[in-house]
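Numbering (this note's numbering), first residue to last: 56 to 243. Where a beta carbon is used, it is the ideal one built from N, C-alpha and C, also for glycine. Remarks on the structure that follows.
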Amino acid sequence: MKSRLSNTLKERAQGLCELCTTNEAASAYAVSPKNSDVIENEVALCDQCISILEGADAGSHWQCLAGSIWNTEPSVQALSYRILYGFKDQEWANEIITSVELDETVVTWAESAYQVSAKHLDSNGTELENGDSIVLTQQLNVKGASFMAPKGTIVRKIRLVPDNAEQIEGKINGDTIVILTKFVKKSI
Ligand SMILES: [Zn+2]
56 MKSRLSNTLK ERAQGLCELC TTNEAASAYA VSPKNSDVIE NEVALCDQCI SILEGADAGS
116 HWQCLAGSIW NTEPSVQALS YRILYGFKDQ EWANEIITSV ELDETVVTWA ESAYQVSAKH
176 LDSNGTELEN GDSIVLTQQL NVKGASFMAP KGTIVRKIRL VPDNAEQIEG KINGDTIVIL
236 TKFVKKSI
């Protein structure tokens, strides 16, 4: 998140963007999920770096991360690593990532932006919990069973499959079966 550049951050950055170190620092950028309450969570950025983070074409601008990843500030390391991680399938980025050994807390911080929600969500995006009742939003062909569960079937006391946020288990006609969360709606 972009915010006003404080004097203390500007001083730390010596007035320059902490990623490209060529343009003048213009804003502070808090590296999520942390807030801009302390400068340790922030990176001083120029307008160009901000605009790329907001979706503008990077061109070859992120080559600068080969330098910024060596910054001593964990926030700068985390942001550099996070951007590079998005390009990790490309050789230049992968080379930079593998050339440094960052603190594990920095890597976790950087990668947090890529973690998908481990929550079980129904077809409306409502969170499901153990013991909930659900309604099937479409007909379910049950593998290995001799029946079909029609759309609208209510399944009570579901169990969440722990290591797969796309699956729940429930009993239909006395059989416990795996159901995909995208085909259910939480029943109130
Ligand atoms: Zn910059």
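Excluding its 5 nearest sequence neighbours in each direction, alanine 165 has C-beta neighbours in its own chain below 6 Å: Ala133, Tyr136 and Arg137, listed in chain order. For serine 242, the CB contacts under 7 Å within the same chain, skipping 5 residues up- and downstream, are Ser188, Ile189, Val190 and Ile209 in chain order. The Cβ neighbour count for glutamate 79, taken over all protein chains shown within 10 Å, is under 16; the residue is labelled exposed. Aspartate 158 is a Cβ neighbour of proline 129, given a cutoff of 9 Å. In this structure, Val98 is the residue among Val98, Glu109, Tyr140 and Trp117 with its C-alpha nearest to the C-alpha of threonine 127. Relative to the Cα of proline 88, the nearest Cα in the group Tyr140, Asn149 and Gln170 belongs to Gln170.
Inclusion of alanine 204 and isoleucine 227 in the CB contact set at 9 Å is warranted, their separation being smaller than that value.
For leucine 134, no beta strand (DSSP E) encloses it; the enclosing alpha helix (DSSP H) starts and ends at 129-140.
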